[in-house]
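S.K.:
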Amino acid sequence: MRKIIFAALAGVLMGAGAAAGQPTISGPLTGNLGPGVFIVVGDCQVPAGQALTIQPGTELLFSGHYFLKVDGHLSAVGTAADSIILRRQFPTNECRHGGIHLNPGSSDSSQLAYVHIDHANNVDFPDCFGGGLLCWDAGVSVSHCTFSHCRAQYGGGAYFIGAQASVTDCAFRENEAVARGGCIYTIQSSLYLARSTFLYNVADLVPGVEIYDNPDCIMEYCEVAHNTATSVAG
22 MRKIIFAALA GVLMGAGAAA GQPTISGPLT GNLGPGVFIV VGDCQVPAGQ ALTIQPGTEL
82 LFSGHYFLKV DGHLSAVGTA ADSIILRRQF PTNECRHGGI HLNPGSSDSS QLAYVHIDHA
142 NNVDFPDCFG GGLLCWDAGV SVSHCTFSHC RAQYGGGAYF IGAQASVTDC AFRENEAVAR
202 GGCIYTIQSS LYLARSTFLY NVADLVPGVE IYDNPDCIME YCEVAHNTAT SVAG
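Position in the sequence shown counted from 1, then plus 21, gives you my numbering.
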């Protein structure tokens with residue numbers, strides 16, 4: 022028993038020591054970021070009229086419930102061999118982050134590719150829409166991305182409102198919506214969903230993809246399976 026406890030403590034200390042030497046980021050971000058590991062110690066913003074490019078091989082470790090809020094243009098394009106990761110620094114609820122928010126007035130052509138967003142958590146009003154990604158009156162292309170263990174009131178993985186967006190070749194797994202849309206909730210958006218998987222997600226209502234009041238939404242060649250609704254529409 023003592024050996025097990027010692028091994029666990031050693032692992033925590035090694036992780037803390039490894040993180041201690043990493044650069045920290047918060048506040049306005051522009052230009053190029055990465056590659057490398059960065060500890061997020063406060064909310065980050067891409068100001069209006071500015072652009073941020075996150076390089077392949079960049080990992081953002083969130084030390085608390087902080088956001089990447091975009092009022093300008095975001096390009097986070099990794100590769101199959103060198104993805105971009107947003108996750109919590111330590112496996113605690115305190116480190117569950119707020120994900121990416123593409124705010125009204127931001128670019129209509131932001132890009133996310135080969136990005137993995139893990140353990141984001143947005144359940145308290147007003148930040149209760151979209152666990153990993155919120156796209157509000159903005160445009161974004163999301164491809165080859167993974168959303169896992171993310172949580173929100175609406176849209177556990179992602180939430181689109183008034184958006185022009187495409188989601189292709191993505192994976193949504195083990196996300197949760199306290200209310201509706203375990204994977205995605207979309208309202209009044211032009212949304213194209215294709216070749217994506219939605220597996221093992223949970224919501225009170227509609228644990229898969231909820232499409233509400235969307236006159237221009239196409240969903241094709243997707244796999245939606247093993248999702249659980251605690252009320253109806255599994």
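Note that beta-carbon positions come from the ideal geometry of N, C-alpha and C, so glycine has one too.
Note the first and the last residue of the continuous beta strand (DSSP E) segment covering residue 238.
M.R.: 237-241
S.K.: Please report the distance separating the alpha-carbon of residue 201 from that of residue 151.
M.R.: When rounded, the distance between both Cα atoms is 11 Å.
S.K.: Could you tell me if residue 244 is buried or exposed, where buried requires 16 or more neighbouring beta carbons within 10 angstroms of its beta carbon?
M.R.: When all chains shown are included, residue 244 counts as exposed.
S.K.: Rounded to the nearest angstrom, what separates residue 141 and residue 101 at their Cα positions?
M.R.: 22 Å
S.K.: According to DSSP, is residue 143 helix, strand or coil?
M.R.: strand
S.K.: Out of 133, 44 and 89, which has the shortest C-alpha to C-alpha gap to residue 77?
M.R.: 133
S.K.: By DSSP, does residue 114 sit in helix, in strand, or in coil?
M.R.: helix
S.K.: Please work out which residues of its chain come closer than 6 Å, Cβ to Cβ, to residue 216, disregarding the five sequence neighbours upstream and downstream, and give them in chain order.
M.R.: So the qualifying residues of the chain are 189, 190 and 242.
S.K.: Taking DSSP's pairing of strands, which residues face residue 230 in a bridge?
M.R.: 205
S.K.: Where residue 59 and residue 92 are concerned, what is the direct C-alpha to C-alpha distance, given to the nearest angstrom?
M.R.: Whole-angstrom Cα-Cα distance: 21 Å.
S.K.: Select from 148, 144, 168 and 97 the residue whose C-alpha is nearest the C-alpha of residue 137.
M.R.: 168
S.K.: Between residue 89 and residue 251, what straight-line distance do the alpha-carbon atoms span, to the nearest angstrom?
M.R.: 31 Å
S.K.: Please state the DSSP three-state secondary structure of residue 39.
M.R.: Its pLDDT being 43, under 50, residue 39 is placed unreliably in this model, and the value from its coordinates should be taken loosely. Note: residue 39 maps to helix in three-state DSSP.
S.K.: Determine the closest residue to residue 146 out of 74, 63 and 174, with distance taken between C-alpha atoms.
M.R.: 174
S.K.: Provide the residue span of the beta strand (DSSP E) that contains residue 59, from first to last.
M.R.: 57-67
S.K.: Would you identify the three-state DSSP class for residue 23, choosing helix, strand or coil?
M.R.: Low confidence applies here, because residue 23 scores a pLDDT of 42, under 50, leaving its location unreliable; read the following figure in that light. Looking at residue 23 - three-state DSSP - the assignment turns out to be helix.
S.K.: What do you reckon, are the CB atoms on residue 193 and residue 219 nearer than 8 Å?
M.R.: yes
S.K.: Helix, strand or coil for residue 156, going by three-state DSSP, please let me know.
M.R.: strand
S.K.: Out of 80, 131 and 45, which one is the CA nearest neighbour of residue 69?
M.R.: 131
S.K.: According to DSSP, is residue 170 part of a helix, a strand, or is it coil?
M.R.: coil
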